[in-house]
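Notes follow the structure.
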Amino acid sequence: MKTQRLATRAAAGTMILAFALAGCSGGESDADQASGGEGQTAETAGAQESADDGAEESATENPSPDDSSASTSAGLPRDADLSKESPSVAPEDAIATAKKEAKDGDVHAIELDFDDRDEAWQYEVKIIDGTTEFDVEIDAETGDVVDVEKDSTDDKEKAVDLKDPMAFDEALKLAQEKASGRLDGWKLDSDDDRIEYQFDFDDDDEEIEVSVDVESKKVSVDD
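Next up, the structure:
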């Protein structure tokens, strides 16, 4: 009987120990799972953050079409009013650039307007050197030479000056007394010993051309 009790107690002790070990093993498994879950959550959050950062970098490196359009539209707009706005390149600078192309000669005309072919504001400067006439086109925003043409001529035109005997602002003021609207182009030209400014106004889609003689200050309107 004593031997049987000892065996029963030993068996019971073995079962208790087994249950205890099983409980410890189960606890460690739960802890491992919890730890693994936390690690997985952190990794997921990190991956999401990296994706967001990548998206921001991509947006910065590859601007939207709207952003690109905004950056290329900088400068004088197509519908600018030249009586209120001016291009980046001054007419005096355009003349200096044209003279470098011609090397020598006298400027007998300068014009500023919008070139529909190139979709840009451009100066056209004409220079006569002996029997050669240079026609130089210059981008009014960048100052780059767009085109140079040379032709033979026997004309002897007078040289023009943007300040003497009449400055541009004075001539424009006289022209605006005869016409209104947006100034979309102008030129100073020497032709047949007569030098005059010509201003092109757009008044509600009506084109009005006003000429101002630099010597007599006579104003004429062609509409």
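Quick note on numbering: the sequence shown equals residues -22 to -1, 1 to 201 in mature numbering (1 follows the signal peptide of the UniProt record, and there is no 0).
Ideal Cβ placement from N, Cα and C applies to all residues, glycine included.
No experiment lies behind these values; they were computed from the predicted model shown.
Opposing strand residues paired with residue i [DSSP bridges]
i, result
"residue 98", "93"
"residue 56", "Looking at the DSSP assignment, residue 56 forms no beta bridge with any residue, so it has no partner."
"residue 161", "179"
"residue 112", "105 and 128"
"residue 117", "100"
"residue 168", "173"
"residue 84", "106"
Beta-carbon gap between residue i and residue j smaller than 9 Å
i, j, result
"residue 119", "residue 66", "yes"
"residue 181", "residue 198", "no"
"residue 162", "residue 58", "yes"
"residue 88", "residue 166", "yes"
"residue 140", "residue 99", "no"
"residue 117", "residue 126", "no"
"residue 84", "residue 149", "no"
"residue 201", "residue 174", "no"
"residue 56", "residue 97", "yes"
Unbroken alpha helix (DSSP H) run spanning residue i, endpoints
i, result
"residue 77", "69 to 80"
Interface flag, residue i vs chain D, CB-CB below 9 Å
i, result
"residue 197", "No chain D is part of this structure, which consists of one protein chain only."
Limits of the unbroken beta strand (DSSP E) element including residue i
i, result
"residue 135", "Premise fails: residue 135 is in no beta strand (DSSP E) and is neither H nor E."
"residue 148", "Residue 148 -> not in any beta strand (DSSP E); alpha helix (DSSP H) instead, spanning 146 to 154."
"residue 191", "184 to 191"
"residue 200", "197 to 200"
Candidates the options: closest to residue i by CA position
i, options, result
"residue 208", "81, 176 and 172", "Any question about residue 208 goes unanswered here, given that the chain covers just -22 to 201."
"residue 62", "130, 79, 185 and 179", "179"
"residue 81", "111, 151, 92 and 174", "111"
"residue 131", "152, 86, 156 and 77", "86"
"residue 76", "133, 92, 195 and 113", "113"
"residue 91", "177, 70 and 74", "177"
"residue 121", "109, 79, 60 and 164", "79"
"residue 93", "129, 164, 109 and 170", "164"
> Contact between the stretch 132 to 152 and the stretch 171 to 190: three or more CB pairs below 8 Å?
Replying inline: yes
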